[in-house]
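Protein chains in written order, with my numbering: chain A, 1 to 411; chain B, 1001 to 1267. All C-beta atoms in this analysis are idealised placements derived from N, C-alpha and C, irrespective of residue type, glycine included. Bear in mind that the values here come from a model prediction, so they are computed numbers and not experimental data.
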Amino acid sequence: MSADAAAPAGQVPDAAGHFGRFGGRFVPEALVAALDELDAAYRKAMTDEEFLAEFHALLRDYAATPSRLYEAQRFSAKAGARVLLKREDLNHTGAHKVRNVLGQALLTKRMGKTRVIAETGAGQHGVATATAAALFDLECVVYMGEVDTERQALNVARMRMLGATVVPVTTGSRTLKDAMNEAMRDWVANVDTTHYLIGTAAGPHPFPEMVRDFVRGIGEEARQQCLDLTGALPDAVAACVGGGSNALGIFHAFVPDPGVRLYGFEAGGEGVETGRHAASITGGSSGVLHGTRTYVLQNADGQTIESHSISAGLDYPGVGPEHAWLHDSGRATYLPVNDDEAMAAFALLCRTEGIIPAIESSHALAGALKIGPQLAAELGREPVIVVNLSGRGDKDVHTAGGYFGILDKEQ
Amino acid sequence: MSRIGVSFDKARADGRAVLVGCMPAGFPTVEGSIAAMKAMVEAGVDVIEVEIPYSDPVMDGPVIQKASDVALAGGVRTADTLRIIAAVAETGAQVVTMTYWNPIEQYGVDAFARDLAAAGGTGLITPDLIPDEADEWLAASDTYGLDRTFLVSPSSTDARLRMTVEHCRGFVYATALMGVTGARAQTSQAAPILVSRLREVTDLPVGVGLGVGTGAQAGTVAGYADGVIVGSALVRCLLDAPDQAAGLAALRALSAELAEGVRNPVR
């Protein structure tokens, strides 16, 4: 990750965290001082050689990055495109999220705070946070919707093994959005000692910008790796979008490259037309949720509508504000991928490459299968698509096994 | 000119604090919430704070969350809230509306301000809208002559206190402690300090909320603040009651106790 502020104009939010009409801070006044403190610490850190050296050493030696860019030849044959997989699934803890967590945990230490809290849906961000908390000797409390603690019992056990306290949230829909509400309430009450380690590029300023900066190494690495491998930039970059940190992480370095198309694939659930989906950009509208203005799934009165996706990690009724802006500006294209399409791509990668992907990342794979032939027709040659394989599928074996009907009865 | 200033002027002349009682609109039903608010007025609550129920109320503790969930499950709409406000304003009591920002943004900020003024509301308390993001509301509240109550917190810097009170009209809401709504056993030590910091920067009336639930606590807060804001303890009267009549009786009793409290400021 480069430490300089070399991002092109328009790619950086204004001083108050607005990406065009999106972003900002819609929070209780009680949190403003903490957000200002965090913003100052983050800006100082990003130009502090000592911080960056420590962060990069952890990314390399602990998280095992840079992750590889792997040419998936057998999968490519099915996609009608040359598909290059950014192997974030091979990072420690099994996803891109470790990059963000290490960055924020380091900042927590620098701010002199002793406790971190986090929200988690599937449990991946909770596990990553618990991991960093163990490494940095921080107290860790993870809020998780009661519905999710039941669906993801193994991840609850993992967090506890790592020393975290898991608090089941029983309010509202008892899923990720309610876990986020509860974490915000904890933060308001304990902000002196506690950092809220948000798991995606959403929430109030400076979280969207800061989280993106901690994960933008994904795209910086992939851009160079693609040049080294193919001698050129890719025709397209594809990623799944829930809150959207993995997508921003891989998009960011490519935003200034006009020839590189950026595709974000949202969770279409049972189909956007059914109303049972998590595609906030495709199927939502502009609103305020969890401290930021962005695209939200909501009714006419502004009440949040529950999202639906087979992928717990994409099952969120909002999206990071930078994605809302990339959508409005036309720089990135957002398309829905439904549950069945994602699971077909999941199965295809398993069988063609011997890689079990996260169901989240399978949305990006399904997207590549969709856009591959379109791009080939348009360009008149085999396109090159970089897909962010943002996480591995070990955590999804139960869900996928159930979906495909391959579990023995007792399981 | 402030609408709600009338209530503060009157109380000040009487040597007491204003009692503000909060109830979510549509809890337990639209008609039930009107009955509850009228009972509060009859028992001595000066200003009714009508909270628009919201699916993701991050500044509210479990009691108001539960009541909001009940109201939303019952299908209450933003338009119903305006109807409730009008019904309560007809009694002669002043009504202030507490709302998270998204319901207003979706209704349309200017349209809501217009309809709120027409319903007889005095203005808005906005727990997740800080003046930094409030341009549209500043304009609409000016257009329709509505009051603006932003929150300040013990963690607010002096610069933010000054900036926030400059954007308030009517009164400023001082959150007594770092946390969410809900009655507490002890009154806050931080609140009197925050209020005296506010006195340094503004002549606006100061309302103190979060954690007040008894007449004695109301008297303590009335000793240093201009308004005492009570929510969860009142809502609990209805949540815990076996039926509506018992709920309203408990609500009247607590309202009267709180009204007595603000009339006996502990100085």
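For B:Phe1027 and chain A, any beta-carbon pair shorter than 9 Å? no
Only counting the same chain, and skipping five residues up and downstream in sequence, which positions put a Cβ closer than 6 Å to that of A:Gly163? The residues are Ala134.
Leaving out the 5 sequence neighbours to the left and right, which residues in its chain are closer than 6 Å to A:Arg68 when beta-carbon positions are compared? Within the same chain, A:Arg68 has close Cβ partners Arg87.
Return helix, strand or coil for B:Arg1252, following the three-state DSSP convention. helix
On the three-state DSSP scale, how would you describe A:Arg185? helix
Chain B contact residues for A:Leu35, given Cβ-Cβ distances below 8 Å: Correct list: empty, because the minimum Cβ distance to chain B is about 10 Å.
Below 6 Å CB to CB, which residues in the same chain sit around A:Val191 once its five sequence neighbours on both sides are set aside? Same-chain partners within the cutoff: Ala34.
Using a Cβ-Cβ distance under 9 Å, would A:Phe26 count as near chain D? In the displayed structure, chain D is absent; the protein chains listed are A and B.
Chain B within 9 Å of A:Met1, Cβ atoms only: Note that A:Met1 has pLDDT 39, beneath the 50 cutoff, so the model's placement of it is unreliable and the number below is only indicative. It does not; no Cβ of chain B falls within 9 Å.
Is A:Thr93 buried or exposed, if buried means 16 or more other CB atoms sit within 10 Å of its CB? buried
Contact list for A:Arg185 against chain B, beta-carbon separation under 7 Å: Val1058, Val1180
On the three-pair Cβ rule with 8 Å, is the stretch 241-259 of chain A touching the stretch 313-320 of chain A? The count of Cβ pairs closer than 8 Å, one atom from the stretch 241-259 of chain A and one from the stretch 313-320 of chain A, reaches three, so the stretches are in contact.
Identity of the residues DSSP links to A:Lys177 by a beta bridge: Paired residue(s): none; A:Lys177 is not in a bridge.
When the cut-off is 9 Å and only beta carbons count, does B:Pro1205 lie next to chain A? It does not: the Cβ of B:Pro1205 has no partner Cβ on chain A nearer than 9 Å.
Proximity below 9 Å, CB of B:Arg1184 to CB of B:Cys1168: no
Less than 9 Å between CB atoms is the rule here; does A:Gln411 satisfy it with respect to chain B? Below a pLDDT of 50, predicted positions are generally treated as unreliable, and A:Gln411, at 48, falls in that range; no measurement from the model is reported.
So if DSSP puts B:Asp1147 in a beta bridge, which residue, or which two residues, is it bridged to? B:Gly1123
What three-state label does DSSP hand A:Leu138 in the structure shown? coil
Let me check one thing: in DSSP terms, what residues is A:Lys86 bridge-paired to? A:Leu69, A:Asn388
Rounded separation between A:Leu389 and A:Val32 - CA only: 36 Å
Can you tell me whether A:Leu227 is buried or exposed, with buried defined as 16 or more other CB within 10 angstroms of its CB? exposed
Which residues bound the alpha helix (DSSP H) around A:Leu59? 49-61
For a test of the three-state rule: what should DSSP assign to A:Gln303, helix, strand or coil? Looking at A:Gln303 - three-state DSSP - the assignment turns out to be coil, as it is neither helix nor strand.
Whose Cβ in chain B lies nearer than 9 Å to the Cβ of A:Lys177? Ser1055, Asp1056
For B:Leu1072 and A:Ala201, the rounded distance between their alpha carbons: 29 Å
Among the candidates A:Gly249, A:Glu209, A:Ala72, whose CA atom is the shortest distance from the CA of A:Pro66? Considering only alpha carbons, the answer is A:Gly249.
In the stretch 301-333 of chain A, which residues sit with their C-beta less than 8 Å from some C-beta in chain B, listed in chain order? Asp301, Gly302, Gln303, Thr304
B:Leu1177 and B:Pro1192: beta carbons closer than 9 Å? no
Name the DSSP beta bridge partners of A:His18, please? BP columns for A:His18 point to A:Gly23.
Opposing strand residues paired with B:Gly1207 [DSSP bridges]: Note: B:Gly1207 sits in a beta bridge opposite B:Tyr1173, B:Gly1227.
Under 8 Å Cβ to Cβ from B:Gly1120, same chain only, skipping five residues before and after it: list those, please. Ile1085, Ala1086, Ala1089, Glu1090, Val1095
If you reduce the DSSP assignment to three classes, tell me which class A:Pro208 lands in. helix
Which term fits A:Asp61, buried or exposed, when burial requires 16 or more other beta carbons within 10 angstroms of its beta carbon? exposed
With contact counted as at least three CB pairs below 8 Å, one residue from each stretch, are the stretch 149-167 of chain A and the stretch 213-232 of chain A in contact? no
Does any residue of chain A have a CB that is nearer than 9 Å to the CB of B:Trp1101? yes
If you run the structure through DSSP and keep just helix, strand and coil, what is B:Cys1237? helix
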